[in-house]
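Participant: In UniProt numbering, the protein residues as written are 1 to 333.
Built from N, CA and C at the ideal position, the CB exists for glycine as well.
Note that the structure is predicted; figures quoted are calculated from it, not measured.
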Amino acid sequence: MRYKTPIRSYLLPNLPFSRTRKPCPKQHLVLFNRKCISTLTKSRQTPLPPGTTITSDSNQTYHIKELLTHGGKSGLHVYRASTTTNNNKQQYIIKNNIPGDFQHQLNIQNQLSSCPNIRTFVDSVRDTEVFIYPLSKRGFAAQDIKPNNILIDYPDPSTADNNKEPSIKSTQISDLEDTVIVPPGKWLRGPLCGNALWRSAESWARSRQNQASDVFSFALVMVYVMANEMVLRVPDEQLNAADTWRYILRLHLSYFADVDGVEHFLEHIGERNLFFDRILELINTFGPENPRQPVEHWDFLEPELKDLVARMTCLDPRGRITAREALEHPWFR
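1) Can you say whether Ser56 is buried or exposed, counting buried as having 16 or more other CB atoms within 10 angstroms of its CB?
2) Please look up how many angstroms separate the CB atoms of Arg320 and Arg311, rounded, as I've assumed it's under 8 Å.
3) Output needed for Leu76: all residues of its chain with C-beta closer than 6 Å, excluding positions within five of it in sequence on either side, in chain order.
4) Just checking, does the stretch 287 to 306 make contact with the stretch 217 to 236 on the three C-beta pairs under 8 Å criterion?
5) Helix, strand or coil: which one does DSSP assign to Pro99?
6) Give every residue of the same chain whose Cβ lies closer than 7 Å to the Cβ of Val182, excluding the five residues on either side of it in the sequence, and list them in chain order.
7) Is Arg119 closer than 9 Å to Ile102 when the C-beta atoms are compared?
8) Which partner residues of Ser170 appear in the DSSP bridge assignment?
9) Would the beta-carbon of Ala205 fall within 9 Å of that of Phe286?
10) Could you compute how far the alpha carbon of Gly51 sits from the alpha carbon of Leu197?
11) Tell me which residue opens and which closes the alpha helix (DSSP H) that Phe275 is part of.
12) In its own chain, which residues sit with a C-beta less than 8 Å from the C-beta of Thr244, not counting the 5 before and 5 after it?
13) Near Glu328, which residues of its chain fall below 6 Å by C-beta distance, leaving aside the five closest residues on each side in sequence?
14) Check for me: the alpha helix (DSSP H) holding Leu67 runs from which residue to which?
15) What is the rounded straight-line gap between the Cα of Phe121 and the Cα of Asn110?
16) Alpha carbon to alpha carbon, how far is Pro317 from Cys115?
17) Let me check one thing: in DSSP terms, what residues is Phe265 bridge-paired to?
18) Checking the sheet assignment: what are the DSSP bridge partners for Tyr79?
19) I'd like the list of long-range same chain contacts for Asn117, defined as Cβ closer than 8 Å, with 5 residues on each side in sequence excluded.
20) So for Leu188, helix, strand or coil by DSSP?
21) Can you tell me whether Phe300 is buried or exposed, with buried defined as 16 or more other CB within 10 angstroms of its CB?
22) Considering only the alpha carbon of each residue, which of Leu249, Asn240 and Leu192 lies closest to Val231?
23) Going by beta carbon distance, what residues of the same chain come within less than 7 Å of Lys35, once the five residues before and after it are set aside?
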């Protein structure tokens, strides 16, 4: 297949600029916001100690019980907290939001609050940009979409009948900090989304991404849950290398690519994309002594699940089935 560089025209008018300009009110606002964000980040670097109380926008008092995740210099700490309502102690998760992103997150979570399978905030503290979430009784910590972001509510095993399968009450996707609402038929371009071990090829290339990228990630989660296999796991030295993409994308090509899929994927990202040549380079690493291991040959998956995963992980995002189509697959019935 011969690839041609797309024709693009850029008109850059030669506008005169003066050497000295007074900042406009908007520039003053930007500088003020940056200063506020910097101050907020510094003030949150030290986690709140247990016993600290905070008052939310709804005038509810929360008591910090423990630090669950230390956010380091970013100050994005996660706490377990409780409050007393009608003599019943209720448990919550308190998360510091990315400074300056509070209103954006507020808008997104308000739009998604009616979805029963998405965990959204129940309270907030606008001054310190904090969101408060209900604490699920059990978190599926098997690890954007990745296992750590999927919560399952089921009975305490110590009180359950050992002879019966666990009864799952509800399932929710959490951690919406990286969520973007993409209208149908549209694409998000530019960001490096998700965790390296669950990330789609188009996200590695910072190319066009949308819900199809989540379908890919969810397929990998399904494989992990059903077969205890993290199929994109590479050794730590490769995962922490400057060229991590080289090792993980080679697995993408081994498992999820065929001739048509590669051609369509290269067409999707475009010849000017840095990963165009990188993909071609990686393709040349396969041969009779280093054959591909396509998902269709995985013997650790049952046939119907194998077929579903193959349809959800097509290298070209435009070739993947949708979430609705996946739910219609025989494996889910």
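Facilitator: Per the coordinate set shown:
1) By the neighbour-count rule (16 or more Cβ atoms within 10 Å), Ser56 is buried.
2) Confirmed, Cβ separation roughly 7 Å.
3) Result list for Leu76: Asn96, in chain order.
4) Yes: the two stretches touch, three or more of their Cβ pairs being nearer than 8 Å.
5) Here Pro99 sits in coil by DSSP.
6) Closer than 7 Å at Cβ, skipping near neighbours: Leu188, Asn210 and Gln211.
7) Checking the sequence shown, residue 102 turns out to be Phe, not Ile. Going by C-beta atoms, Phe102 is not nearer than 9 Å to Arg119.
8) BP columns for Ser170 point to Asp153.
9) No, the Cβ-Cβ distance between Ala205 and Phe286 is not below 9 Å.
10) Distance between the alpha carbons of Gly51 and Leu197: 37 Å.
11) Where Phe275 is concerned, the enclosing alpha helix (DSSP H) starts and stops at Leu274 to Ile283.
12) Apart from sequence neighbours up to five positions away, the residues of its chain that approach Thr244 with a beta-carbon distance below 8 Å are Ala196, Val234 and Gln238, ordered along the chain.
13) There are no such residues.
14) Segment Thr61 to Thr69 is the beta strand (DSSP E) holding Leu67; no alpha helix (DSSP H) there.
15) For Phe121 and Asn110, the distance between alpha carbons rounds to 9 Å.
16) The straight-line gap from Cα to Cα measures roughly 25 Å.
17) Residue pairing by DSSP places Phe265 opposite no residue, since no beta bridge is assigned to it.
18) Assignment of beta-bridge partners to Tyr79 by DSSP yields Leu67 and Ile94.
19) Taken in chain order, the residues that qualify are Ser170, Thr171, Gln172 and Ile173.
20) Of the three classes helix, strand and coil, the one that applies to Leu188 here is strand, per DSSP.
21) By the neighbour-count rule (16 or more Cβ atoms within 10 Å), Phe300 is not buried but exposed.
22) Considering only alpha carbons, the answer is Leu249.
23) Confidence in Lys35 is poor, its pLDDT being 47 and thus under 50, which makes the residue's placement too unreliable to answer from.
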